[in-house]
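Notes follow once the structure below has been shown.
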Amino acid sequence: MLAAAALAALALPAQAQGALQGAWRTDGGWLTELRSHPDGAKVCSTGKAGQTPHTFGLTIVRSGPETVVMVVDQTQPPAPGVGEMSFSQNGRVVDTIPVQVTGPAVGSRDARGPEAGRLISRLSPGPTTIAVGDRRWELDLAGLPAALAELDRCLDKAR
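Per mature numbering (1 follows the signal peptide of the UniProt record, and there is no 0): the sequence shown = residues -16 to -1, 1 to 143.
Listed below in structure tokens is the structure:
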């Protein structure tokens, strides 16, 4: 449910994505936000912008037991459908998760499944290549531990 909602929200005006309740920056260029929705849901996200090969964003979204990892590429998104997204560091694939492409967003398919959490636990700060089909994005995950700690604090505030 969160995966579909997170992907669908990207096509909506900002006010439809939920009311911003707080935002916190952490080292490495990460931004964590807490948003509340009219249905009472409170959603936390942390994200970072990348520039290679062009501007895009990596975001981790959490609400209760649901987690979505997504890349948003307004310039050149992959073709709509389902597939896999792999994350590589130091020339090795760290993990691959099943994804769905909706509009400019590529997001993990099963928000309640173990894949997103497993991926997040395996990532470390440093240069990272994200791949979906023939698309590749590069991002330095510097500051990731602090961003994940801030995401946990956001979830505590959301309760």
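Ideal Cβ positions, reconstructed from N, Cα and C, are used throughout, including at glycine.
Between residue i and the rest of its own chain, which residues show a CB-CB distance below 7 Å, the 5 nearest in sequence each way excluded?
| i | result |
| --- | --- |
| Cys138 | Thr16, Leu18 and Cys28 |
| Gln58 | Pro88 |
| Arg93 | Ala(-14), Val66, Pro82, Val83 and Gln84 |
| Glu99 | Ile81, Pro82 and Ser92 |
| Leu(-7) | Note that Leu(-7) scores a pLDDT of 45, beneath 50, so its modelled location is shaky; the value from the coordinates is reported in the next line. The residues are Val56, Gly87, Pro88 and Ala89. |
| residue 144 | Past the boundaries of the shown model lies residue 144; the chain is included only from -16 to 143, so the question cannot be answered. |
For residue i, which residues in the same chain have their Cβ closer than 6 Å to its Cβ, ignoring the five residues on either side in sequence?
| i | result |
| --- | --- |
| Arg9 | Leu15 |
| Gly127 | Thr10, Asp11, Gly12 and Trp14 |
| Ala(-12) | Confidence in Ala(-12) is poor, its pLDDT being 46 and thus under 50, which makes the residue's placement unreliable; the coordinate value appears in the next sentence. Answer for Ala(-12): no residue qualifies. |
| Pro(-4) | At Pro(-4), the pLDDT of 43 sits below 50, so the modelled position is not reliable and the matter cannot be decided from this model. |
| Ile44 | Thr30 and Val53 |
| Arg119 | Pro62 |
| Ala130 | Thr10 and Asp11 |
| Ala(-9) | Bear in mind that the predicted position of Ala(-9) carries a pLDDT of just 43, short of 50, making it too unreliable to give a figure here. |
| Asp70 | Rather than Asp, the amino acid found at residue 70 in this sequence is Ser. Correct list, in chain order: Val77, Thr80 and Ala115. |
When the distance is taken between beta carbons, is residue j closer than 8 Å to residue i?
| i | j | result |
| --- | --- | --- |
| Ile115 | Glu50 | What sits at residue 115 in the sequence shown is Ala, not Ile. No, Cβ-Cβ distance for Ala115 and Glu50 is not below 8 Å. |
| residue 161 | Leu103 | The question about residue 161 has no answer here: the residues shown for the chain are numbered -16 through 143. |
| Gln73 | Ser105 | no |
| Val55 | Gln84 | no |
| Ala3 | Ser20 | yes |
| Gly117 | Pro62 | yes |
| Glu68 | Pro88 | no |
| Lys32 | Gly24 | no |
| Gly101 | Asp124 | no |
| Glu122 | Thr39 | no |
Tell me residue i's beta-bridge partners as DSSP assigns them.
| i | result |
| --- | --- |
| Leu18 | Gly6 and Cys28 |
| Ala89 | Val56 and Thr86 |
| Glu50 | Ser47 |
| Gly75 | For Gly75, which the question treats as bridged, DSSP gives no partner whatsoever. |
| Arg102 | Arg102 is not bridged to any residue. |
| Asp124 | Pro111 |
| Ala33 | Gly41 |
| Gly67 | Val83 |
| Arg119 | Val116 |
Cutting at 8 Å between CB atoms, please list the residues of its own chain near residue i, excluding the five before and the five after it.
| i | result |
| --- | --- |
| Glu134 | Trp8, Thr10, Trp14, Thr16 and Thr30 |
| Ser47 | Leu(-15), Ala25, Lys26, Val27, Cys28 and Ala142 |
8 Å is my cut-off, CB to CB: does residue i come that close to chain D?
| i | result |
| --- | --- |
| Pro109 | Looking at the structure shown, chain D is missing, and only one protein chain is on hand. |
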